[in-house]
Amino acid sequence: MDPEPGEFLSLLSPDDAAALRAAGRPKRWDRGDSVMGEGDRGGWALVLMEGRVKVSSHTSSGTEVVLAVRGPGALLGEMSAIDGSPRSATVTALEPIAGVVIGDFPAFLQAHGRIAVLLMQLVTAKLRDSDRKRIEYGAFDTTGRVATRLIEMAERYGEKTNGGLRVALPLSQDELAGWTGASREAVSKALRTLRDRGLIETGRRRVVIHDLEGLRKRAR
4 MDPEPGEFLS
14 LLSPDDAAAL
24 RAAGRPKRWD
34 RGDSVMGEGD
44 RGGWALVLME
54 GRVKVSSHTS
64 SGTEVVLAVR
74 GPGALLGEMS
84 AIDGSPRSAT
94 VTALEPIAGV
104 VIGDFPAFLQ
114 AHGRIAVLLM
124 QLVTAKLRDS
134 DRKRIEYGAF
144 DTTGRVATRL
154 IEMAERYGEK
164 TNGGLRVALP
174 LSQDELAGWT
184 GASREAVSKA
194 LRTLRDRGLI
204 ETGRRRVVIH
214 DLEGLRKRAR
């Protein structure tokens, strides 16, 4: 499966990608498996080759907050692998996934300086994305945040159909709520609002976006 644009693997040259695969070992997980746990320690990192995962954390009250959905090409666990700190989030397989585990990630980076520079660029992009999401939470209502997440999924995973863009969502409504920083009831109401406006159609773990531009306007 080709890496998603902007993900770590898509930034590497063919030679760098081959060196990464040679330095690691392949591993698979089933849907629902925990790939990494919040608070765990480990010097290894994972490059996702197939499938999608959710990156999440839990508040002190036990509420799950979904931080991101990552797909093929994503680099996971790199920060903890580099500085030795406990992992800051849990990574869970949303569907069967396959990846390459880099057992000693710091040593790999020391031996491949160009890849280390690309990693710094990637970390910077993640920080910018985190800042953007914090602004969204303060400036957008729940419907706007839900619309923004649906647009993100459509741009990354949307498949053209006669009715628009079909997105197979690996997330439940509870997980979508955790990704938008809202309650399940508020997300359900937001989806109903978007349906009533004719912007989307929903089904079990899928959404068809009939009017992407209209959804972008609502997100703003």
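Quick note: to get my numbering, add 3 to the position in the sequence shown (first position is 1). Glycine included, C-beta positions come from ideal geometry on N, C-alpha and C.
The alpha helix (DSSP H) that contains residue i, what's its start and end?
{"i": "Ser83", "result": "81 to 86"}
{"i": "Gly161", "result": "No alpha helix (DSSP H) contains Gly161, which DSSP labels as neither H nor E."}
{"i": "Gly181", "result": "176 to 183"}
In the DSSP assignment, what are the bridge partners of residue i?
{"i": "Met39", "result": "Val94"}
{"i": "Trp32", "result": "Ile100"}
{"i": "His61", "result": "Glu67"}
{"i": "Thr205", "result": "Val210"}
{"i": "Val72", "result": "Lys57"}
{"i": "Val50", "result": "Leu78, Val103"}
On the criterion of 16 or more Cβ atoms from any shown chain inside 10 Å, does residue i qualify as buried, or is it exposed?
{"i": "Glu81", "result": "buried"}
{"i": "Val120", "result": "exposed"}
{"i": "Pro75", "result": "buried"}
{"i": "Met123", "result": "exposed"}
{"i": "Gly167", "result": "buried"}
{"i": "Pro17", "result": "exposed"}
{"i": "Thr66", "result": "exposed"}
{"i": "Arg137", "result": "exposed"}
{"i": "Glu53", "result": "exposed"}
{"i": "Gly183", "result": "One detail in the question is off: residue 183 reads as Thr in this sequence, not Gly. So Thr183 counts as buried."}
{"i": "Ala226", "result": "No statement about residue 226 is possible, as the shown extent of the chain runs from 4 to 223 and does not include it."}
{"i": "Pro8", "result": "exposed"}
{"i": "Glu216", "result": "exposed"}
Measure from the alpha carbon of residue i to the alpha carbon of each residue in the options, then state which is nearest.
{"i": "Val126", "options": "Ser83, Tyr160, Pro29", "result": "Ser83"}
{"i": "Phe143", "options": "Ala157, Ala193, Thr95", "result": "Ala193"}
{"i": "Pro89", "options": "Gly116, Ala48, Thr205, Glu158", "result": "Ala48"}
{"i": "Gly102", "options": "Arg24, Pro109, Ala92", "result": "Arg24"}
{"i": "Glu98", "options": "Leu112, Ile212, Leu218, Arg208", "result": "Arg208"}
{"i": "Val211", "options": "Gly181, Leu179, Leu172, Arg223", "result": "Leu172"}
{"i": "Ala21", "options": "Ile85, Ala71, Phe111", "result": "Phe111"}
{"i": "Gly45", "options": "Leu79, Ser186, Arg31, Thr164", "result": "Leu79"}
Is the distance from the Cβ of residue i to the Cβ of residue j below 9 Å?
{"i": "Arg73", "j": "Thr146", "result": "no"}
{"i": "Val104", "j": "Pro29", "result": "yes"}
{"i": "Ala96", "j": "Val38", "result": "yes"}
{"i": "Gly87", "j": "Gly27", "result": "no"}
{"i": "Val58", "j": "Val50", "result": "no"}
{"i": "Ile118", "j": "Leu15", "result": "yes"}
{"i": "Ala157", "j": "Leu202", "result": "no"}
{"i": "Ala92", "j": "Glu41", "result": "yes"}
{"i": "Leu197", "j": "Leu153", "result": "yes"}
List the endpoints of the continuous beta strand (DSSP E) containing residue i.
{"i": "Leu1", "result": "Missing from the structure shown is residue 1; the chain here goes from 4 to 223 and no further."}
{"i": "Arg219", "result": "Per DSSP, Arg219 belongs to no beta strand (DSSP E); it is in the alpha helix (DSSP H), 215 to 222."}
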